[in-house]
Amino acid sequence: MRTNLSCSRLTRFVRAIARSAGVCLTPGTGHASEAEAAFKARCGQCHGARDIRHWGRQHADAAARQAWLDQFLRRHYPPSEAERTLIVDYIQSAIAAARAPR
Ligand code: HEC
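All residue numbers for the sequence shown refer to this note's numbering, where the first residue is 36 and numbers rise by one.
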């Protein structure tokens, strides 16, 4: 029996399984990269950062934009409900980050 599986390799393995099961082991960074990955996978072939900035200008109010995106993405290349939440979060945080004073 092999006993030389290092702890960090084991940790990476567990994380990989957790990721593929949609579980987030590192809240914060994990959620953000998962959200970005969901956007890239579902929307990235047609939309990028310029589109996101455009949607931010078109719908300046964050709460109204949230409601608009949530409705719109129920019929526009609709992702699953869990992915829709992630994708809307990603768009919202990208717009918020672009507006934050530097
Ligand atoms: C196969 C290409 C394609 C995919 C995939 C796609 N879209 Fe689009 N999307 C379009 C096109 C084409 C338009 C219309 C272009 C326009 O309005 O300028 C559009 C328009 C939009 C708009 C603007 C709607 C409006 O009324 O102004 C939003 C927001 C949007 N898409 C979000 C998304 C999101 C989020 C995803 C991923 C879940 C996604 N789209 C996936 C092609 C795509």
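Cβ atoms here follow ideal geometry from the backbone N, Cα and C, with glycine treated the same way.
Treat the numbers as computed from the prediction; the structure is a model and nothing was measured.
{"Query": "Under the rule that 16 or more other beta-carbon atoms within 10 Å means buried, what is tyrosine 112, buried or exposed?", "Result": "exposed"}
{"Query": "Could you tell me whether the Cβ atoms of alanine 97 and glutamine 127 are closer together than 8 Å?", "Result": "yes"}
{"Query": "Please return the same chain residues whose Cβ sits closer than 7 Å to the Cβ of arginine 88, not counting the five positions on each side in sequence.", "Result": "Ala133"}
{"Query": "Determine, using beta carbons only, whether alanine 70 and aspartate 124 come nearer to each other than 8 Å.", "Result": "yes"}
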